[in-house]
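Residue numbers (the numbering used here): 295 to 711. All C-beta atoms in this analysis are idealised placements derived from N, C-alpha and C, irrespective of residue type, glycine included. On a predicted model such as this, the values are computed, not experimentally measured, just so you know. Note sheet for the following structure.
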Ligand code: NI
């Protein structure tokens, strides 16, 4: 493709991203975003299917005849964060921001949609491409909801791929998990019922703050004392609500936290120890404790064959040295629900650029991307789709297995690599 055309696609994807960035919407409220995606897909000649009873869109483009159905997934929701940016495309919605790059994910997959049309890929290839624009990744409910509504059927998806912004990688680099990618994430809520009263008469009260504070301290021992040092785990208490005045012992306290693990064994140990420590508050402090654990997302497993092909596509776009396998991360990703259902893989796309001052992490009010990642992402996923469709159409041509690259070798914490 000529250079001018390449810049043309870059500018198109950048403009889509900027528009989405200015109009962020929270999970399951992505009404405007859904409408825009549908308009863009339809304008490109794609079928754009609404998701019954939910936000989100499924784009479909069929090829010459029956063949593999390759799906790409983009999440479309934003976060309740007030953006602190002077960029002309900054959020116009108070207290809502695309701080996790889902605007970029959406723009990239729309860029793939455009490139597929511009190159006439589907007139040469058999099969179909499905673009799943998924709501509510941040609340970790969107993927499950869409799967329940049948987005992986009609036509049935054979393979699914996705990408995520990675500010810990510089723009121009990308990484794939060989197998295990993201940690499981479960939420817990601890409610403590004490006996409130005068702050000067503690002997007549049962203080839920003191009990809760002990709990916060004790849970720190779970990772250090109950989990094998070579295993990874996180227990974070992110909310502790109790009391209203300096001289009053409150009646109740409420704590909320998150547990993350890279194996089912660790996951169940974390939950069992939380339950034991919560139950021990009753004999120790007299409070009535109730612990509720809300299962969130499972661990995300990439299919090794799909991951290898996606990596190979990234290396074709970026050069072999600039894309490699990555060790798992403790963040969670509800794409895990898709890879439970179908062979799939997620890729992390480098988006930071210290020279341009673009260094902030995901979920920061200063988060931004080097927009060069948009064209890179569109080209990688286009390449991955084109190879997958061509591979089945012409079985003689196989893509070479990728070499093990030098980038961040996996530490094999989980024993699987
Ligand atoms: Ni995200």
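As assigned by DSSP and simplified to three states, the class of residue i
{"i": "residue 646", "result": "strand"}
{"i": "residue 428", "result": "strand"}
{"i": "residue 310", "result": "helix"}
{"i": "residue 436", "result": "helix"}
{"i": "residue 383", "result": "coil"}
{"i": "residue 482", "result": "strand"}
{"i": "residue 688", "result": "For residue 688, the predicted model reports a pLDDT of 48, less than 50, meaning its position is unreliable and no value from the coordinates is stated."}
{"i": "residue 640", "result": "strand"}
{"i": "residue 596", "result": "coil"}
{"i": "residue 624", "result": "coil"}
{"i": "residue 511", "result": "helix"}
{"i": "residue 367", "result": "strand"}
{"i": "residue 611", "result": "helix"}
{"i": "residue 401", "result": "helix"}
{"i": "residue 658", "result": "coil"}
{"i": "residue 525", "result": "coil"}
{"i": "residue 506", "result": "helix"}
{"i": "residue 476", "result": "strand"}
{"i": "residue 303", "result": "helix"}
{"i": "residue 471", "result": "strand"}
{"i": "residue 337", "result": "helix"}
{"i": "residue 548", "result": "strand"}
{"i": "residue 574", "result": "helix"}
Cβ neighbour criterion (16 or more within 10 Å) applied to residue i
{"i": "residue 515", "result": "exposed"}
{"i": "residue 476", "result": "buried"}
{"i": "residue 519", "result": "exposed"}
{"i": "residue 310", "result": "buried"}
{"i": "residue 263", "result": "Limits of the chain in this structure are 295 at one end and 711 at the other, which puts residue 263 out of reach."}
{"i": "residue 324", "result": "buried"}
{"i": "residue 665", "result": "buried"}
{"i": "residue 329", "result": "exposed"}
{"i": "residue 305", "result": "exposed"}
{"i": "residue 575", "result": "buried"}
{"i": "residue 609", "result": "buried"}
{"i": "residue 414", "result": "exposed"}
Residues that DSSP places opposite residue i in a beta bridge
{"i": "residue 356", "result": "422"}
{"i": "residue 500", "result": "489"}
{"i": "residue 581", "result": "None, per the DSSP bridge assignment."}
{"i": "residue 676", "result": "Per DSSP, none; premise fails for residue 676."}
Residue-chain proximity (residue i, chain B), Cβ-Cβ < 8 Å
{"i": "residue 417", "result": "Structure shown: chain B not included; a single protein chain is present."}
Quiz prompt | Cβ contact (3+ pairs, closer than 8 Å) linking the region 404-415 and the region 601-620 | solution = no
Quiz item: Does the region 568-584 come within contact of the region 425-442, defined as at least 3 CB pairs closer than 8 Å?
Solution: no
Practice problem: Specify whether the region 418-428 and the region 357-370 touch according to this definition: at least 3 beta carbon pairs, one from each stretch, less than 8 Å apart. | Solution: yes
Practice problem: Flag this pair as touching only if the region 362-378 and the region 333-348 have three or more C-beta atom pairs under 8 Å; answer yes or no. | Solution: no
Exercise. For the region 455-469 and the region 637-654, state whether three or more C-beta atom pairs, one from each stretch, are separated by less than 8 Å.
Key: yes
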